[in-house]
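*Asks:*
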Amino acid sequence: MNRVGILTFHSANNFGALLQAVSLQKTIMERGNVECELIDYEPEFIRKDYSISPFKDNHPKAIIKSALRIPDKIKRNLKFQAFREENIVCSKQCLSENDFKNICNSLDEIVVGSDQVWNYNLTKYDMHYFLPEIDASVKKVAYAASTGGADFSLKESNKMIQCLQEFRHISVRESASKTALEQRMKEKNIEVVLDPVFLTPKNSWMQLAAKPVKKDYILFFKMGYSKTAEPALRFAKKLSKETGYELLMLWDQETWFKYRDVKHIGAVGPAEFLQWIAGAKCVVTNSFHATAFSIILNTPFYVETEIERKDRVLNILDIFKLHKCGLVKGKTENETLIPEIEWNAVNSLLNNERKKSLDYIDRILK
Numbered sequence: 053m054n055r056v057g058i059l060t061f062h063s064a065n066n067f068g069a070l071l072q073a074v075s076l077q078k079t080i081m082e083r084g085n086v087e088c089e090l091i092d093y094e095p096e097f098i099r100k101d102y103s104i105s106p107f108k109d110n111h112p113k114a115i116i117k118s119a120l121r122i123p124d125k126i127k128r129n130l131k132f133q134a135f136r137e138e139n140i141v142c143s144k145q146c147l148s149e150n151d152f153k154n155i156c157n158s159l160d161e162i163v164v165g166s167d168q169v170w171n172y173n174l175t176k177y178d179m180h181y182f183l184p185e186i187d188a189s190v191k192k193v194a195y196a197a198s199t200g201g202a203d204f205s206l207k208e209s210n211k212m213i214q215c216l217q218e219f220r221h222i223s224v225r226e227s228a229s230k231t232a233l234e235q236r237m238k239e240k241n242i243e244v245v246l247d248p249v250f251l252t253p254k255n256s257w258m259q260l261a262a263k264p265v266k267k268d269y270i271l272f273f274k275m276g277y278s279k280t281a282e283p284a285l286r287f288a289k290k291l292s293k294e295t296g297y298e299l300l301m302l303w304d305q306e307t308w309f310k311y312r313d314v315k316h317i318g319a320v321g322p323a324e325f326l327q328w329i330a331g332a333k334c335v336v337t338n339s340f341h342a343t344a345f346s347i348i349l350n351t352p353f354y355v356e357t358e359i360e361r362k363d364r365v366l367n368i369l370d371i372f373k374l375h376k377c378g379l380v381k382g383k384t385e386n387e388t389l390i391p392e393i394e395w396n397a398v399n400s401l402l403n404n405e406r407k408k409s410l411d412y413i414d415r416i417l418k
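The working numbering puts the first residue of the sequence shown at 53, with every later residue one more than the last.
(1) Which residue wins for smallest C-alpha separation from ALA319, given the options HIS62, ILE126, ALA69, SER198?
(2) If you check the beta carbons only, do THR60 and LEU410 fall under 9 Å apart?
(3) Going by DSSP, which residues form a beta bridge with TYR93?
(4) For PHE353, name the three-state secondary structure that DSSP assigns.
(5) Quick check: what's the CA-CA separation for ASP160 versus MET212?
(6) Over the uninterrupted alpha helix (DSSP H) stretch that includes PHE67, give me the two end residues.
(7) Looking only at its own chain, which residues have a Cβ that is under 8 Å from the Cβ of ALA134, when we skip the five neighbours before and after it?
(8) What is the C-beta distance between LEU389 and GLU294, in whole angstroms, given that I count them as a contact (C-beta under 8 Å)?
(9) Buried or exposed for TYR354, please, with buried defined as at least 16 other CB atoms from any protein chain shown within 10 angstroms of its CB.
(10) For SER223, which of helix, strand or coil comes out of DSSP?
(11) Give me the Cα-Cα distance between SER292 and CYS142, rounded to the nearest whole angstrom.
(12) From GLU137 to VAL336, what does the alpha carbon distance come to, in whole angstroms?
(13) Taking the straight line between their C-alpha atoms, what separation do you get for LYS176 and ILE393?
(14) Buried or exposed for GLN327, going by 16 or more other Cβ atoms inside 10 Å?
(15) What are the start and end residues of the alpha helix (DSSP H) that includes ARG415?
(16) Decide yes or no for the touch test of the segment 139 to 158 against the segment 168 to 186: beta carbon pairs closer than 8 Å, at least 3 of them.
(17) Assuming LYS274 is part of the beta strand (DSSP E), what are its boundary residues?
(18) ARG286 lies in the alpha helix (DSSP H); which residues open and close that run?
(19) Round the Cβ separation of SER223 and VAL245 to the nearest angstrom and send it over; I've been treating them as touching at under 8 Å.
(20) Can you grab the Cα-Cα spacing for the pair GLU226 / GLY68, in whole Å?
(21) Leaving out five residues on either side along the sequence, give the residues of the same chain with a beta carbon under 7 Å from the beta carbon of HIS375.
(22) Between the alpha carbons of PRO12 and CYS377, how many angstroms are there, rounded?
(23) Let me know the secondary structure DSSP gives THR337 once reduced to three states.
(24) Considering Cα atoms alone, identify which of GLU405, LYS238, SER63 is closest to SER205.
(25) On the DSSP bridge list, what partners appear for TRP303?
(26) In or out: PRO112 buried (at least 16 other Cβ within 10 Å) or exposed?
(27) So, for MET53: in the same chain, excluding its five sequence neighbours on each side, which residues have a beta-carbon less than 7 Å away from its beta-carbon?
(28) What's the C-alpha gap between CYS334 and VAL380?
(29) In this structure, what does DSSP give as the bridge partners for ASP167?
(30) Using only the alpha-carbon positions, how far apart do LYS383 and LEU216 sit?
(31) Tell me the rounded alpha-carbon separation between ASP403 and LEU417.
(32) Are there 16 or more other CB atoms within 10 angstroms of the CB of MET275, so buried, or fewer, so exposed?
(33) Kindly indicate which residue of GLN77, ASP247, LEU251 has the alpha-carbon position closest to the one of ARG55.
(34) Report the residue from HIS316, TYR181, ASN139, LYS279 whose alpha carbon sits nearest the alpha carbon of GLU94.
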């Protein structure tokens, strides 16, 4: 039986990063007669970004606000770790360069992706995700990798392109990543596939979700520090007022103090994240993965489209013909308060797109 490893950002305490890793591993194990493990490599930028230390910022006020959140951070981290232990299989931890090479070279195949594994601005030029010193006997492929807008026309990317030439199959998450790589590798057939979270159907996700909360609410999920969420939050407050549904906020970063006028859900792990989206009357967000799970779980939603790297959000709105769910600076042309969505039509489109991506996985596992 072949042994397959997945190299991604599974150690980040980020809902999208972990859930896409869970879904890809589950899919590979179901589709191929293989053993599959996540290569337990954690890049430096993830260690720093998800540290509970309040001293990541030098500003005294920021340190105080961060310190006040330490108990919640600890609870949240424990929930993420418990979810990992229950739902993914990892290699032994890579504590050195030799560990990484030995683990990779012990595998028959390595799947790089999904997530922004090839965004060298994010990873600080971490070459591990390009597998430069791994034996030629190991089959190298990519699933839904993303360049995250990194410029691959620059000479700094030459070594990366050289490494990618050795990949047998490459698929990316966005058409922009396909364009960026094809300009340097014209002979390579680069495909665009769905984010891994779409590979797992609704009923399977609900088996991983926490128990439902019996209340009517609008869920506002804010991703990151960007000010692009401000118009979406104003819209969510308006929606809550006009529908009479309570507004609850779930966030992924240190923004609780700024938005303390909204009721916060608190420390949440991936299982609760799924449950809060599934049970909402409507989700309002600036997040790609909150949008993706709203579609998968058939929850009405609005997503702010005037955001950084908006292409992937616009792309899934286009694929599933859900343009009416897009907000532009917190405004919608939708005539109803909560969008009326024909979920049968959306689910049919999702099944068709899922089949294309599963066909790609079947090919790379041959």
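For each residue, glycine too, the CB sits at the ideal point set by N, CA and C.
*Replies:* Looking at the atomic coordinates:
(1) Here residue 319 is taken as the residue at index 267 of the sequence shown, counted from 1. Checking every option, the nearest Cα to that of ALA319 belongs to ILE126.
(2) If you number the sequence shown from 1, residue 60 lands on position 8. If you number the sequence shown from 1, residue 410 lands on position 358. Contact: no.
(3) The residue labelled residue 93 in the question sits at position 41 within the sequence shown. In DSSP, TYR93 forms no bridge with anything.
(4) By one-based count along the sequence shown, residue 353 stands at place 301. Residue state for PHE353 is assigned as strand, using DSSP reduced to three classes.
(5) Residue numbering aside, residue 160 sits at position 108 when the sequence shown is read from its first letter. Residue numbering aside, residue 212 sits at position 160 when the sequence shown is read from its first letter. Approximately 22 Å, taken between the alpha carbons.
(6) Translated into positions along the sequence shown, residue 67 becomes position 15. Counted as a single uninterrupted DSSP element, the alpha helix (DSSP H) harbouring PHE67 occupies residues 67 to 83.
(7) Looking up residue 134 in the sequence shown gives position 82. Answer for ALA134: GLY321, listed in chain order.
(8) Here residue 389 refers to the residue found at position 337 when the sequence shown is read from its first residue. Here residue 294 refers to the residue found at position 242 when the sequence shown is read from its first residue. Right, the Cβ-Cβ distance comes to about 6 Å (below 8 Å), so this counts as a contact.
(9) Here residue 354 refers to the residue found at position 302 of the sequence shown. It counts as buried.
(10) In the sequence shown, the residue the question calls residue 223 occupies position 171. Note: SER223 maps to strand in three-state DSSP.
(11) Numbered from 1 along the sequence shown, position 240 holds the residue referred to as residue 292. Numbered from 1 along the sequence shown, position 90 holds the residue referred to as residue 142. Taking the straight line joining both Cα atoms gives about 42 Å.
(12) Here the question's residue 137 lines up with position 85 in the sequence shown. Here the question's residue 336 lines up with position 284 in the sequence shown. For the pair GLU137 and VAL336, the Cα-to-Cα distance works out to about 30 Å.
(13) Counted from its first residue, the sequence shown places residue 176 at position 124. Counted from its first residue, the sequence shown places residue 393 at position 341. Distance from the CA of LYS176 to the CA of ILE393, rounded to the nearest whole angstrom, comes to 41 Å.
(14) On the sequence shown, residue 327 is found 275 positions in, with the first residue counted as 1. Answer is buried; the Cβ neighbour count reaches 16.
(15) Mapped onto the sequence shown, residue 415 falls at position 363. First-last of the alpha helix (DSSP H) with ARG415: 395 to 416.
(16) At 8 Å Cβ cutoff, the stretches touch.
(17) Sequence index remark: in the sequence shown, residue 274 carries index 222 (1-based). It spans 269 to 274 - the beta strand (DSSP E) in which LYS274 sits, taken as one unbroken run.
(18) Within the sequence shown, the letter at position 234 stands for residue 286. Unbroken alpha helix (DSSP H) run through ARG286: 281 to 295.
(19) In the sequence shown, counting from the first residue as 1, residue 223 sits at position 171. In the sequence shown, counting from the first residue as 1, residue 245 sits at position 193. SER223 to VAL245, Cβ: 4 Å. Contact.
(20) Taking the first residue of the sequence shown as position 1, residue 226 is located at position 174. Taking the first residue of the sequence shown as position 1, residue 68 is located at position 16. The alpha-carbon atoms of GLU226 and GLY68 are separated by roughly 16 Å.
(21) As a first step, residue 375 is located in the sequence shown; it is residue number 323 there, counting from the start. Closer than 7 Å at the Cβ level, and outside the excluded window around HIS375, lie LEU369.
(22) Residue 12 is absent from the structure shown; the chain starts at 53 and stops at 418.
(23) In the sequence shown, residue 337 corresponds to position 285, counting from 1. The three-state reading of DSSP puts THR337 in strand, counting E and B together.
(24) The count along the sequence shown starts at 1 and reaches residue 205 at position 153. It is LYS238 whose Cα lies nearest to the Cα of SER205.
(25) One-based indexing of the sequence shown puts residue 303 at position 251. In the DSSP secondary-structure assignment, TRP303 is bridged to LYS274.
(26) Counting from 1 along the sequence shown, the entry for residue 112 is found at position 60. Counting Cβ neighbours within 10 Å, PRO112 comes out exposed, since fewer than 16 surround it.
(27) Along the sequence shown, one-based indexing puts residue 53 at 1. If we look at MET53 and ignore the five residues flanking it on each side, its Cβ neighbours are ASN85, VAL86, GLU87.
(28) Locating residue 334 in the sequence shown gives position 282, where the first residue counts as 1. Locating residue 380 in the sequence shown gives position 328, where the first residue counts as 1. So the two alpha carbons sit approximately 17 Å from each other.
(29) The residue labelled residue 167 in the question sits at position 115 within the sequence shown. Under DSSP, ASP167 takes part in a beta bridge, and its partners are ALA197.
(30) In the sequence shown, the residue the question calls residue 383 occupies position 331. In the sequence shown, the residue the question calls residue 216 occupies position 164. Each residue's Cα considered, the two are about 42 Å apart.
(31) As a position in the sequence shown, residue 403 is number 351, starting the count at 1. As a position in the sequence shown, residue 417 is number 365, starting the count at 1. Looking at the sequence shown, residue 403 is not Asp but Asn. Cα atoms of ASN403 and LEU417: separation of roughly 21 Å, rounded to the nearest angstrom.
(32) Your numbering for residue 275 matches position 223 in the sequence shown. MET275 counts as buried, since at least 16 other C-beta atoms from the protein chains shown sit within 10 angstroms of its C-beta.
(33) The residue given as residue 55 occupies position 3 in the sequence shown. For ARG55, the closest of GLN77, ASP247, LEU251 by C-alpha to C-alpha distance is GLN77.
(34) Reading the sequence shown from its first residue, position 42 is the one you call residue 94. Looking at the Cα atoms, TYR181 is the closest of the given residues.
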